[in-house]
Each structure stands twice: as structure tokens, then as C-alpha cells.
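K.L.:
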Amino acid sequence: MKLARIGAPGRERPALVDSAGRLRDLGAHISDITPTALAPAELARLKALDPDSLPLVSDQDARLGPPVAGVGKIVCIGLNYTDHAAEVGLPLPVEPTIFMKGCHPTGANDPVTLPQGAEKGDWEVELGIVIGQGGLYIDEARALDHVAGFCLVNDLSERSYQMDHGGQWTKGKSFPGFAPMGPWLVTPDDLPGYAEAPLWLEVNGHRYQNGNTRNLVFGVPAIVSYVSRFFRLEPGDLIATGTPAGVGLGQKPPVFLKPGDVVTLGLGGLGSQRQEIRAWPAGRPT
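Residue numbering for the sequence shown follows my numbering, beginning at 1365 and increasing consecutively.
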């Protein structure tokens, strides 16, 4: 099952993506795709619906918002692809490296504004995990029972904030708009190949990232279980699982985002995203 939220920011409404890729209106069955709606029983109720019985959305080109309303924590796993660790010159982690993003998810195709004075805007295509059933000390063998679905995430960064201002990755990861999410939330039964899925990213048509989730250092069950050892996972939490080689920082010489660039990215079974990069508006209050 593929779930989406469509409409203007703050006024999104729930939709289902049918087998032909058409948006179907879920409004008669659920008010929104909230963390509560991600509970196993609620997802089972939606899965039981006949997609053909749902009305087609009149505007099939409607804006796609974040597929989950009210995402709580955004937990990120760093250096989780073998090739990415090599390109930035760091050893493979013995345990998952955890950091947080302090921003809210945006729609898959929403424009991205760089921070004021940005010098090193960067990109990272990632597999996202959305928690449906929370918990502490989740058993790795049962970890997928806690996953509502998967989504595509662009873990955007400002590397100068991240690396040149006293450390701590969260500084460079948390500017508003730095977490495009979606276009859809895909339940695990509809993405059985999540552990061996191609993912890619291009800037202005040039492909920089071309990886596969089989190269994750720590896989999805291990990540969910590990993170739950340190804080409680809640329904609606998003975990970004890391990025393959090809980030701007890893180019020789480095390549960073600038206003006017267009970033496109995708992951097998999870759709694609497109973001236009914009400059911080002149005169906007800081």
C-alpha cells in the first residue's frame, strides 16, 4: 500500500496510490495520515479497502506533501554505506552513528532555500523508515513489526555549519526545508526488496550518487533495534538510514549546491523527488 498526502502546505488531505499510479481520495475513511493512523490495526483497515472503490483525486498533479503529518523525531544514521565512509575518509563505524535533524519534513518536490550566507549546501539520498508501533529495547528479530513503512528522504546539509562551527552534525542538518520526504509512504509488504533497492541522485542532470541499499553497513532491523536502546521510538518517528557515495563534499574538488540548481533523486519502489534550490530571500528577517 502506498499512502500520500496532497494539497497546499498545512492543508494536505490523505490519498492512496493505486496500482496504476493514480491518486485515490481516502478522506471518507481517514481524516489524515497521522502517527495514530500508522498503528498496525489502522493500516490493516486501510489495506482492506478496494482501491477501485475510492474516488479518483480530481487533480492528479496536486502537490505531494510529506506522507505523514506530525512527524516527531528525525533520527539519522551517519556513515552507513561502505563507499560513503571511504569517500569522506572515515573508518566504518563499529556501532551505528546517530544524529538528529531539528527541522520538519517538507514535500518531495517543494523548493529548498539555502541558509543565509550558505557556502557548502550538500545532498544525500536516503531510505527512510517510518515507525508505526513505538517502543524501547525492540528485538531486532521483531523490528519490522514496528515499521509502518518506507519513504524516500533527501538529508540536505550545510557542510560549513556541520564542520566549521565547533562540531556536531545537527547544526548543518536542521535548516528549515532540509528534510524533503516522500512522495509516498510504502508499507513493508509492498516493498519486499527494500534491502536491495537502487537509489540515485542527480544535480542539474548529472548523476552524483548511484548506490544500492544492499551496501548498508547496518540494515533496517538492526537500526530500529539499536536506536530503541537509547530513547523510545514513537509512532510517526522518521529514521534516515544513511547515504551512499557521491555527496558533494566527496567530489574532487568538492561540489556544493547553489541557487538555480535542480536536484532529482529516487529509490526503487519509493518514487522520486525534485527540488529547485533557492537563495535566502533578500531582506528576510533572521
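Note that the Cβ used here is the ideal one computed from N, Cα and C, for glycine as well.
Let's see if you can read the secondary structure: which residues bound the alpha helix (DSSP H) around HIS1448?
P.N.:
Run containing HIS1448: 1446–1451, per the alpha helix (DSSP H) assignment.
K.L.:
Specify whether the segment 1561–1574 and the segment 1624–1635 touch according to this definition: at least 3 beta carbon pairs, one from each stretch, less than 8 Å apart.
P.N.:
Because the criterion of three Cβ pairs below 8 Å is met, the segment 1561–1574 and the segment 1624–1635 touch.
K.L.:
Considering just the uninterrupted stretch of the beta strand (DSSP E) at LEU1456, what are its terminal residues?
P.N.:
Element bounds for LEU1456: n/a, residue is neither H nor E.
K.L.:
Throw me the rounded Cβ distance for the ALA1426 and GLY1546 pair, which I believe falls under 8 Å.
P.N.:
So it is not a contact: roughly 13 Å between Cβ atoms.
K.L.:
When you compare only the Cα positions, how much space is there between PHE1514 and GLU1504?
P.N.:
Straight-line Cα distance between these residues: approximately 17 Å.
K.L.:
Suppose you measure from the CA of GLN1497 to the CA of PRO1617; what does that come to, to the nearest Å?
P.N.:
Between GLN1497 and PRO1617, the C-alpha separation is close to 44 Å.
K.L.:
Could you have a look at MET1527 and say whether DSSP puts it in helix, strand or coil?
P.N.:
In the structure shown, MET1527 sits in a helix (DSSP, three-state: H, G or I).
K.L.:
Relative to the C-alpha of GLN1637, which candidate in ASN1576, SER1383, ASP1474 has its C-alpha closest?
P.N.:
Among ASN1576, SER1383, ASP1474, the Cα nearest to that of GLN1637 belongs to ASP1474.
K.L.:
I believe ASP1601 touches LYS1437 by the beta-carbon criterion, under 8 Å. Please report the beta-carbon distance rounded to the nearest angstrom.
P.N.:
The Cβ separation is near 5 Å, so the contact holds.
K.L.:
Evaluate SER1422 with the Cβ neighbour count: other Cβ atoms within 10 Å of its Cβ, from every protein chain shown; 16 or more gives buried, anything less gives exposed.
P.N.:
SER1422 is exposed by the Cβ-count criterion.
K.L.:
With 16 other CB atoms within 10 Å as the buried threshold, where does ASN1345 fall?
P.N.:
Look at the range of the chain in this structure, 1365 to 1650, and you will see that residue 1345 is not part of it.
K.L.:
Where does LYS1484 sit, in a helix, a strand or coil, going by DSSP?
P.N.:
Here LYS1484 sits in coil by DSSP.
K.L.:
Quick one, are the C-beta atoms of GLY1442 and TRP1533 less than 8 Å apart?
P.N.:
Their beta carbons are under 8 Å apart, which means GLY1442 touches TRP1533 by this criterion.
K.L.:
Given a threshold of 16 other Cβ atoms within 10 Å of its Cβ, counted over all protein chains shown, does LYS1537 qualify as buried or as exposed?
P.N.:
By the 10 Å Cβ count, LYS1537 comes out buried.
K.L.:
In angstroms with no decimal places, state the Cα-to-Cα distance between PHE1594 and ASP1414.
P.N.:
Going by the C-alpha atoms only, they are around 40 Å apart.
K.L.:
Let's see if you can read the secondary structure: which residues bound the alpha helix (DSSP H) around THR1607?
P.N.:
Note, THR1607: premise wrong, no alpha helix (DSSP H); not H, not E.
K.L.:
Cα separation between LEU1491 and PRO1645?
P.N.:
Distance between the alpha carbons of LEU1491 and PRO1645: 31 Å.
K.L.:
For the alpha helix (DSSP H) that GLY1536 lies in, which residues bound it at each end?
P.N.:
First-last of the alpha helix (DSSP H) with GLY1536: 1534–1537.
K.L.:
May I have the straight-line CA-CA distance separating LEU1456 from THR1477, to the nearest angstrom?
P.N.:
Roughly 32 Å between the two C-alpha positions.
K.L.:
In three-state terms, what does DSSP make of ILE1641?
P.N.:
Correct three-state label for ILE1641: strand.
K.L.:
Using the Cβ count rule (16 or more neighbours within 10 Å means buried), how would you classify VAL1452?
P.N.:
The residue is exposed, with fewer than 16 neighbouring Cβ atoms inside 10 Å.
K.L.:
If you count every other CB in all the chains shown that lies within 10 Å of the CB of ARG1578, and 16 or more means buried, which is it?
P.N.:
Result: exposed.
K.L.:
What does the Cβ neighbour count give for LEU1418, buried or exposed, with the cut at 16 atoms within 10 Å?
P.N.:
With 16 or more other Cβ atoms within 10 Å, it is buried.
K.L.:
When the Cα atoms are used, what is the spatial distance from TRP1487 to LYS1366?
P.N.:
If I take the Cα positions, the gap works out to 25 Å.
K.L.:
Taking the C-alpha atoms as reference points, what is the distance between THR1398 and PRO1378?
P.N.:
Spanning the two alpha carbons is a distance of roughly 10 Å.
K.L.:
When the distance is taken between beta carbons, is PRO1431 closer than 8 Å to LEU1508?
P.N.:
No, Cβ-Cβ distance for LEU1508 and PRO1431 is not below 8 Å.
K.L.:
With distances taken Cα to Cα, identify the nearest neighbour of LEU1516 among ARG1523, TYR1525, PRO1544.
P.N.:
Of the candidates ARG1523, TYR1525, PRO1544, the one whose C-alpha sits nearest the C-alpha of LEU1516 is PRO1544.
K.L.:
Quick one: is VAL1458 buried, meaning 16 or more other Cβ sit within 10 Å of its Cβ, or exposed?
P.N.:
When all chains shown are included, VAL1458 counts as exposed.
K.L.:
What residues in its chain sit with their C-beta under 7 Å from that of THR1446, if we drop five residues either side in the sequence?
P.N.:
Answer for THR1446: LEU1456, ASN1579, VAL1581, listed in chain order.
K.L.:
With distances taken between CB atoms, is the gap from ILE1370 to LEU1428 smaller than 8 Å?
P.N.:
In this structure, LEU1428 lies closer than 8 Å to ILE1370 by Cβ.
K.L.:
In angstroms, rounded to a whole number, what distance separates the CA positions of GLY1530 and ARG1409?
P.N.:
Distance between the alpha carbons of GLY1530 and ARG1409: 49 Å.
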